[in-house]
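Everything on this sheet refers to the single structure shown next.
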Amino acid sequence: MTDHPVERALGAETFARLRARLRETNALIRERGIREYEGRRLVTGYSSREFYDWDLYFENLYLAAFGVAEFCRSNLEAFLARQLVNGFTARTLLKIRPYQQFKPFLAQIALLYCRQTGEWSWPDGALWERLVRYLDYWFWYCDFDKNGLAVWDSADHSGMDNQIRRAGAYGEQRVEGVDLNCYLLRELEAMAILAERRGDAPAAENYRAHARGLRETAGRVFWDDGAGFFFDRDERSGERIRVKSAAGFIPLWTGAASPEQAERLVKEHLANPAEFWLAWPVASWAADEPDYGQELHDWGCNWRGTTWIPVNYMLMHGLIRYGFRELAETLARRSLELVLKNPATREYYNAETGAGLGLDPFWGWSNLGCLMLPELLLGLDPTDQERPFPAGWAAGLFELPFTEEKP
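Numbering (UniProt numbering), first residue to last: 1 to 407.
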């Protein structure tokens, strides 16, 4: 056992198991996740070979820990190459879903690349203009009442496939998502940084001003003081949709919650074992909702009670932001245990039993469950867009370069 603080904190046996899982995962990515598409090397976490929007952000956060930046650029360029003239950028490459715009992560992916490589001249020219149009599309074409809050096409569009009761059925385009507008807030902040690095101070200030306005609007419109929760809003009726989903916790990650709101959100709901803090937290849907379940197969993957690692990852960093470090560490430890207790990393998990669900094996965003606790122990937050990026930190810690091919 070495004298590294992370290995001491995990224990030699767990550290060795974690290292073995990381080696196995990286081999799967190299052998099955990297694909040629229209002359580009792209990455995907899916055996179906489809490429998805927000998955790309989380997949590249994992890869960045091993010093791999190229797929931030190649995948982003592949998606933007198919953009329509109005800025619409489909959220998939193979099977296009009409009206489902790429979720608000492209600017964050671009910034992730620049923070790793220092290549601040990219994206440039026509590619930069496409990135601008993609973000404009959200506010021009997905905000029908022009209150500054965009709508999801549907639960399917949100990525939380079967949360129809809170995000709408396919094509409804009526729900102002808490999660959606929090992601847009981070996109505006990312665009401000990119514009500033390009030397365009006026554009940077415009993006920052827009972000400030969106932060205020989201905190006011989505927050229900009686319930102590952030609810989505039905744009047509103007009413909040009183359904408790893990989407209501995303303001913790983006900083859209006030300290008082965060206190109630965490203590009354997130850490509540009758709602979200089940045996293997965090449940994606409150356990006291009438349509909660761990083995549902009604529409796509189940997001009405199961545990998804990218949600845990965002929430861990959100909890740290608001001073709930002890709870964040508990979540990080449980997430690592959840991943390692299964013979292979899985797409998502049963929040009551910890059993792996979905794709088997899975080499996509669930890999972040292996990095949460080390990040917390080292004081790292790769999602903090203002901080220097510790590219390749996991490759050094685990003595495991991504290109390693020997067992």
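Backbone N, C-alpha and C fix where the C-beta goes; we use that ideal spot for every residue, glycine too. Being a predicted model, the structure only gives us computed values, none of them experimental.
Counting the other Cβ atoms within 10 Å of the Cβ of residue 297 gives fewer than 16, which makes it exposed. Contact between the segment 160 to 169 and the segment 296 to 312 is present: 3 or more CB-CB pairs across the two stretches fall below 8 Å. Check the Cα spacing between residue 205 and each of 258, 192, 279: the tightest is with 192.
For residue 43, the uninterrupted beta strand (DSSP E) run begins and ends at 40 to 43, by DSSP. According to the DSSP assignment, residue 141 belongs to the alpha helix (DSSP H) that extends over 125 to 141.
At least 9 Å separates the beta-carbon of residue 92 from that of residue 38.
A contact is defined here as three or more CB-CB pairs under 8 Å, and the segment 140 to 147 fails this definition with respect to the segment 103 to 114. Using a Cβ distance threshold of 9 Å, residue 214 and residue 194 do not count as a contacting pair. By a beta-carbon distance limit of 8 Å, residue 382 does not contact residue 106. Their separation comes to about 17 Å. About 15 Å separates the beta carbons of residue 365 and residue 32, which is beyond the 8 Å limit, so they are not a contact pair. Between the segment 322 to 333 and the segment 342 to 354 there are fewer than three inter-stretch CB-CB distances shorter than 8 Å, so the stretches are not counted as touching. Three or more Cβ pairs closer than 8 Å define a contact, and the segment 348 to 358 meets that threshold against the segment 276 to 291.
The shortest CA-to-CA distance from residue 99 to any of 64, 78, 151, 56 is the one to 151.
Between the beta-carbon of residue 88 and that of residue 57 there is about 19 Å, and that puts the pair past the 8 Å contact cut.
In the structure shown, residue 393 falls within a helical segment according to DSSP collapsed to helix, strand and coil.
Contact annotation, residue 45 with residue 55: C-beta distance approximately 6 Å; criterion of less than 8 Å satisfied. Contact between residue 127 and residue 80 holds, since their C-beta atoms are separated by about 6 Å, short of 8 Å. Excluding five sequence positions before and after residue 170, the CB atoms of its chain that fall closer than 6 Å to its own CB belong to 154, 156, given in chain order.
Taking the C-beta atoms as reference points, residue 394 is found nearer than 9 Å to residue 65. The way I'd put it, the segment 246 to 262 does touch the segment 212 to 227; three or more beta-carbon pairs between them come closer than 8 Å. In this structure, residue 63 lies near residue 29, with their beta-carbon atoms less than 9 Å apart. Taking the CA atoms as reference points, residue 164 sits about 49 Å from residue 3. Under a 10 Å Cβ-count criterion, residue 42 is classified as buried, with 16 or more other Cβ atoms of the shown protein chains found around its own Cβ.
For residue 34, DSSP records a beta bridge to 43. The beta carbon of residue 196 sits closer than 7 Å to those of 204, all from its chain and outside the five residues before and after it, given in chain order. By the C-beta density criterion, residue 236 is exposed, having fewer than 16 other C-beta atoms within 10 angstroms. When secondary structure is reduced to three states using DSSP, residue 308 falls in the coil class, being assigned neither helix nor strand.
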